[in-house]
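Asker: Terminal number for the sequence shown in full-length UniProt numbering: 280, no gaps in between.
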Amino acid sequence: MKTRRSERLIDMTRYLLERPHTLISLAFFADRYESAKSSISEDLGILRRTFMIRGIGVLETLPGAGGGVIFTPGISKKEATEFVEETSKKLVEPNRILPGGYLYLTDLLADPELLRNVGRMIATQYSQSSIDVVMTVATKGIPIAQSVANFLNIPFVIVRRDSKITEGSTISVNYASGSSDRVEKMELSKRSLEEGSRVLVVDDFMKGGGTINGLRSLISEFNAIFVGATVFAENININSQFGDSDVTSIFKVTKIDTKNRILNVEPGNYLTNTDFSYFE
């Protein structure tokens, strides 16, 4: 059924937002709305300008017979900086301090709006990289991985510390915890990751880097490729197994005084490790 421009714009916006990083031909939209390709091109021009002005992302047109449009969601450096500044205020609440140098983050990582922003920020960092799958370890990294996977429009896999009968055959690795002398185990179903896959690792909190190091070892066992790792927060008071350029953190905890209930949080290296030029 032929539609008016206002209706087309609404439906096209919804369709593009739900299918990021997907090439959609102009012929598809022309057939969908029973409109001329010239009209569809004008509509896409309106959306392209609006997406950029509002900081929603980039709508790129690819010419040629096999061309079309691709929507890449992202965030500007200004908006990302504002998010980091506002969220830092919530992170420094003394009641977040947990024994062993950890932070209580469950309430924040259960906030849909915060998760959308975190997912969009990490997706922005890797928007120009070739990523096949997002990986995290159960359980607190799961909502972050799901949000990032949504914005990159790729699958995510969950590594577990114990086997589940529903996972089938698994591959496991032992790794040294970065914050203690314990040796721990993690495993992943053989069906979860294909050989040669390019893997992005995300997690909620990095204390010493042992978990991420274990994930890198597991990725290697699958003959897959570790592309990078980004965490919501890291504790820089613990000797990390990684350099500043190996793991990106949105926030860094510079001081945890469990006795006096003092907590200091600063921006991590995300803002300096991310190239925002494509979205500005």
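By construction, the Cβ of each residue, glycine as well, lies at the ideal position given by its N, Cα and C atoms. Because the structure is a prediction, the values reported are computed rather than measured.
Using a Cβ-Cβ cutoff of less than 6 Å, which residues in the same chain neighbour residue 305 once the five nearest sequence positions on both sides are dropped?
Answerer: What the structure shows of the chain is the stretch from 1 to 280, and residue 305 is not part of that stretch, so it cannot be assessed.
Asker: When the distance is taken between beta carbons, is His21 closer than 7 Å to Asn150?
Answerer: For Asn150 and His21, no; Cβs fall outside 7 Å.
Asker: Could you round the C-beta distance between Leu115 and Ser147 to whole angstroms and report it? I think they count as a contact, below 8 Å.
Answerer: Yes, Leu115 and Ser147 are in contact; Cβ-Cβ is about 5 Å, under 8 Å.
Asker: For the structure I just gave you, are there three or more beta carbon pairs, one from the stretch 103-120 and one from the stretch 162-181, closer than 8 Å?
Answerer: No, because fewer than three Cβ pairs between the stretch 103-120 and the stretch 162-181 fall closer than 8 Å, the two stretches do not touch.
Asker: Considering Cα atoms alone, identify which of Ile212, Thr272, Ala65 is closest to Val199.
Answerer: Cα-wise, what sits closest to Val199 is Ile212.
Asker: Any chance you could list the alpha helix (DSSP H) runs of at least 4 consecutive residues sitting entirely within the stretch 105-133, in chain order?
Answerer: Within the stretch 105-133, the complete alpha helix (DSSP H) runs of at least 4 residues are 112-125.
Asker: Tell me where the alpha helix (DSSP H) around Ala149 begins and ends.
Answerer: Residues 142-152.
Asker: Within its chain, find whatever has a CB closer than 6 Å to the CB of Arg8; leave out the 5 residues flanking it on each side and keep chain order.
Answerer: Excluding positions up to five away in sequence, the list reads Tyr33, Asp43.
Asker: Just reading off the alpha helix (DSSP H) that Ser217 is part of, what are its end residues?
Answerer: Ser217 -> alpha helix (DSSP H) spans 210-221.
Asker: Residues in its own chain within less than 6 Å of Ile250 by CB, not counting five upstream and five downstream?
Answerer: So the list reads Phe232, Gly268, Tyr270, once near-sequence residues are dropped.
Asker: Can you tell me whether DSSP reads Arg198 as helix, strand or coil?
Answerer: Arg198 falls in the strand class under three-state DSSP.
Asker: What span of residues does the beta strand (DSSP E) with Tyr175 cover, start to end?
Answerer: It spans 170-176 - the beta strand (DSSP E) in which Tyr175 sits, taken as one unbroken run.
Asker: With Thr53 as the anchor, note down where its alpha helix (DSSP H) starts and where it stops.
Answerer: Here the sequence assigns Ile to residue 53, which means Thr is not the residue at that position. It spans 37-53 - the alpha helix (DSSP H) in which Ile53 sits, taken as one unbroken run.
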